[in-house]
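Here the protein sequences come in this chain order: A and B.
Under the working numbering, think of the first position of the first sequence as 433, with each following residue one higher.
Under the working numbering, think of the first position of the second sequence as 18, with each following residue one higher.
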Amino acid sequence: MAVQGIWSGTISFSLVAIPVRLVTAVEPGRVSFHLLHSRDYSRLARRMFCPEEKAMVPPDEIIRGYEIMPDKYVLMTDEELESVSPDRSRTIEIIEFIDLGEVDPIYYDHPYYLISSKGGEKAYQLLVEVMRRTNKAGLAKFVLAEREYLVAVTSRDGALTLITLHYSDEIVPDGDISPKKGTIEAEEEGRIRKSIELMTEDFNPGKYADKRRKKLMDLLATKVKEKAPVVSPAAVEEEGEGPADLVAALEESMRKVKESK
Amino acid sequence: MEGRRLPLSNLEKDLYPSYGFTKAQILEYYRRIGPLILPHLKDRAVTLKRYPEGVEKDFFFEKRCPEHRPAWVQTAEVPQDHAEPMTVCLVNDLETLIWVENLASVELHIPLAKAGSPGTPDSMVFDLDPGDEAGIPECVRVALILRDLLSGMGLASYVKTSGKKGLHVYVPLNRKETTFEDTKTFSKVVAGVMQKHYPDLVTARMAKKERDAKVFINWSQNDSSKTMVSVYSLRAGEKPFVSCPLEWRELEYPSGSGDPAWLRITHSAALIRAEERGDFFQEVLMKEQGLPHL
């Protein structure tokens, strides 16, 4: 079965439009645990608690406030938030091409793959190849899950990757971090240069692995063999997202329903 | 009836004791609603929900057609996992309807597929079930959003009361290509999208504790092993309410919405509506629609 995307649409520039699907390029390696009740192994739920009333707060009594000064808030409704959200879009429009080396890695946020959809294979391959030969990256604006991202589209091993980038005002200015400039002694510089040269290798990320994760997974594997797992009483059905096209079409229909209200 | 002898029993027995509604009245209701309900029951494996001692006492579900049935009752053989096929009643004519009602089958439940094509649902259903702190107004709101959402997908839908607290929204399919896998996938994604956009109003999860003030969209009824209460069936309860079709505009009309009895339609109201408006729920049996994006 074909990989299901989290988004599908087209990537385009000038007169070219190529149908693609977006899939995430990294599986987070973090091992996550659920919180259970020690008495009956029920999955615990998070509830909002009002310290003033010493009581749980039902969802319809929860609103949003932006703290402008201690204990002073400006209220914000769902509708107001939505009014500033970008319109959903089904295109990744490349606005300019840049040299790949120009993008400072500090801007990199999350990597995805763009997979070619039916009918776009040839144009996709052509774009991958030309971008590889010219060593260029496409810069594009792209709306995903109610946010507009600046993204870099690059060519990698015969496929297109898409990396969401941080906006420049999200980057903490380094003025506060770097120490004041002083003079550099030639002798010291030589020594450090030498150490760096001695330690220089080709980049080979496969050499490194998350050791704690490995140990943790081994420990889990051993425990599974030793003892049967505990069973949670409320084994609720899992929530899958469903076919990407159907989800997208329903989201679009829902947007119209909300607009007309 | 029709030259068939049908002995009726215990006609004076009051099956809704706190309201006062005898078995004779139940038989009379089903006789009069017969022309409307029969097309919906036709060729389906009817499950009888029987209340021999009245609606306030014990009931039992009868899926198997009783052995002591008259020779003229039509039946079907339904294949079962790990067992011999089961003989079920087909309520295809008025005589059979009266015979099953004489067994105090207050409620009639039917699968979404016909007995001859058990893997092919004729419709997709959303069973809207309000939690303890939610009521008809919340349920109506969810139903209207659902109607508009489906309409945006090019799908017409029809609504009936559950006869209890909820509403049932039906999407007619009537295509042999559509499977329960399709309707289940589609309805589950719809319920998920509804929950995502209206998290305070809707839940797509079965767990009772998550319902509270929300409306549970039960998509899992889209299964060959599940049954839904038939349209026009009576419901067991304090009064003889009916699972009755509604026109969408009745839900948009807010005048009755403050009244807890709003949208609770009794046997007599159902008969009047049937006489005045006919069966506008028959579209569910006829309209052909395909589920997009599967």
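Idealized CB from N, CA, C, for every residue including glycine.
Source: prediction; values computed, not measured.
| query | result |
| --- | --- |
| Segment contact flag, the segment 117-124 of chain B with the segment 36-48 of chain B, C-beta cutoff 8 Å, min 3 pairs | yes |
| A/F445 - partner residues in DSSP beta bridges | A/V448 |
| Where B/F38 falls: helix, strand or coil (DSSP) | coil |
| When B/A253, B/E194 and B/M141 are compared against B/V206, the one with the closest alpha-carbon | B/M141 |
| Proximity test, Cβ basis, 9 Å: A/K554 and chain B | no |
| Three-state secondary structure (DSSP) of B/Y33 | coil |
| Buried or exposed by the 16-neighbour rule on C-beta atoms within 10 Å, applied to A/R453 | buried |
| B/C106 - DSSP class collapsed to helix/strand/coil | strand |
| Chain B contacts from the segment 674-688 of chain A (Cβ-Cβ distance under 7 Å) | G674, P675, D677, L678, V679, A681, L682, E683, S685, M686 and K688 |
| Minimum C-alpha distance to B/E300 - residue among B/I153, B/R81, B/V176 and B/E73 | B/V176 |
| Coil, strand or helix - B/R158 by DSSP | helix |
| Simplified DSSP assignment, three categories, for B/N119 | helix |
| For A/T654, three-class secondary structure by DSSP | helix |
| Simplified DSSP assignment, three categories, for B/A62 | strand |
| Neighbourhood of A/M563 by C-beta distance below 6 Å, restricted to the same chain and skipping five residues each side | S587 |
| Residue burial classification, A/A667 (beta-carbon count within 10 angstroms, cutoff 16) | Reliability of the predicted coordinates at A/A667 is poor, the pLDDT of 45 falling under 50, and no value is obtained from them. |
| Contact with chain A by B/H310, beta-carbon distance below 9 Å | yes |
| Rounded straight-line distance, which links the Cα of A/L468 to that of A/A477 | 9 Å |
| Cβ-Cβ distance between A/V585 and A/L546 below 9 Å | yes |
| 8 Å Cβ cut-off: residues of chain A touching B/H214 | M686 and K690 |
| Per-residue contacts from A/D519 into chain B (C-beta, under 9 Å) | Those within 9 Å of A/D519 in chain B number zero; the least Cβ separation is about 16 Å. |
| Distance, A/V575 Cα to B/P56 Cα | 49 Å |
| Straight-line gap, A/I524 to A/D492 (C-alpha atoms, nearest Å) | 37 Å |
| Reduced DSSP category for B/R21 - H, G, I as helix; E, B as strand; rest coil | coil |
| Neighbour flag for A/P491 against chain B, beta carbons, 9 Å | yes |
| 6 Å CB neighbourhood of A/L594 in its chain, flanking five on each side removed | Y544, L546, V583 and V585 |
| Chain A within 9 Å of B/D144, Cβ atoms only | no |
| 9 Å Cβ cutoff, B/S168 in contact with chain A | yes |
| Sequence-distant residues of the same chain with beta carbon closer than 6 Å to A/I438, five excluded per side | L454 |
| Cβ-Cβ distance between B/M170 and B/P309 below 9 Å | yes |
| Continuous alpha helix (DSSP H) stretch holding A/V458: start and end | Unbroken run through A/V458: none, as it is neither H nor E. |
| Proximal residues to A/D642 (C-beta, below 7 Å), its chain only, five neighbours per side dropped | G461 |
| C-beta neighbour in chain A for B/I162, strict 9 Å | yes |
| Neighbourhood of A/Y556 by C-beta, 6 Å cutoff - its chain only, sequence neighbours within 5 removed | I450 and S548 |
| Contact set between B/F233 and chain A, taken where Cβ atoms lie within less than 9 Å | Residues of chain A passing the Cβ test: none, with the nearest at roughly 12 Å. |
| Residue interval of the alpha helix (DSSP H) (run including B/H126) | No alpha helix (DSSP H) contains B/H126, which is instead part of the beta strand (DSSP E) from E124 to I127. |
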